[in-house]
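Let me begin by presenting the structure, written as structure tokens, before commenting on it.
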Amino acid sequence: MPEGTIISNIEERPGDRGSLARASGNSATVIGHNVDEGVTRIKLPSGNKKVLKSSCRATIGIVAGGGRTDKPLLKAGRAFFKHRAKRNSWPRTRGVAMNPVDHVHGGGNHQHIGKASTVSRSAVPGQKVGLIAARRTGLLRGTKKLKD
Numbered sequence: 377m378p379e380g381t382i383i384s385n386i387e388e389r390p391g392d393r394g395s396l397a398r399a400s401g402n403s404a405t406v407i408g409h410n411v412d413e414g415v416t417r418i419k420l421p422s423g424n425k426k427v428l429k430s431s432c433r434a435t436i437g438i439v440a441g442g443g444r445t446d447k448p449l450l451k452a453g454r455a456f457f458k459h460r461a462k463r464n465s466w467p468r469t470r471g472v473a474m475n476p477v478d479h480v481h482g483g484g485n486h487q488h489i490g491k492a493s494t495v496s497r498s499a500v501p502g503q504k505v506g507l508i509a510a511r512r513t514g515l516l517r518g519t520k521k522l523k524d
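Numbering (the numbering used here), first residue to last: 377 to 524.
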């Protein structure tokens, strides 16, 4: 494919049937080819650049359904039916609103966690709620530098 081509449903490894740029309205761009090494550079929807084998297949064009998230759901019923088709992830109850038997953050006379929200990577499964193996917490200060 020529450089600058808009592509979607890209194979990460040859023959894996497409795994990149598949969400509605998404697309990636071919940046360039290295014929000697047999690799191609693409720019993903996230802005990251990725080097793939040139034998990986892709679909030309963007994925249908762009702008799906622009329209607000407006009411709980639409959110209910949206999530019913996917998985049991809605509505989400906060841990602090639960009882101590239901969640680590539950209980107490006020809705507060009551201990540090960070938890170690080696914690047992029932204890692993909150910020797991956090390197840092708090507000993000400064700007993130992107590599070209």
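Ideal Cβ placement from N, Cα and C applies to all residues, glycine included.
Pair within 7 Å by beta-carbon distance, residue i and residue j
{"i": "His459", "j": "Gly471", "result": "no"}
{"i": "Ala434", "j": "Ile383", "result": "yes"}
{"i": "Arg497", "j": "Ala509", "result": "yes"}
{"i": "Gly441", "j": "Ser400", "result": "yes"}
{"i": "Ser403", "j": "Ile436", "result": "no"}
{"i": "Ile418", "j": "Lys429", "result": "no"}
Nearest candidate by alpha-carbon position, reference residue i, set the options
{"i": "Ser431", "options": "Gln487, Arg444, Gly391", "result": "Gly391"}
{"i": "Asn385", "options": "Arg398, Thr494, Val406, Lys425", "result": "Arg398"}
Where residue i falls: helix, strand or coil (DSSP)
{"i": "Gly453", "result": "helix"}
{"i": "Val472", "result": "helix"}
{"i": "His409", "result": "strand"}
{"i": "Lys458", "result": "helix"}
Exposure of residue i, with buried meaning 16 or more beta-carbon neighbours within 10 Å
{"i": "His488", "result": "exposed"}
{"i": "Thr469", "result": "exposed"}
{"i": "Thr416", "result": "buried"}
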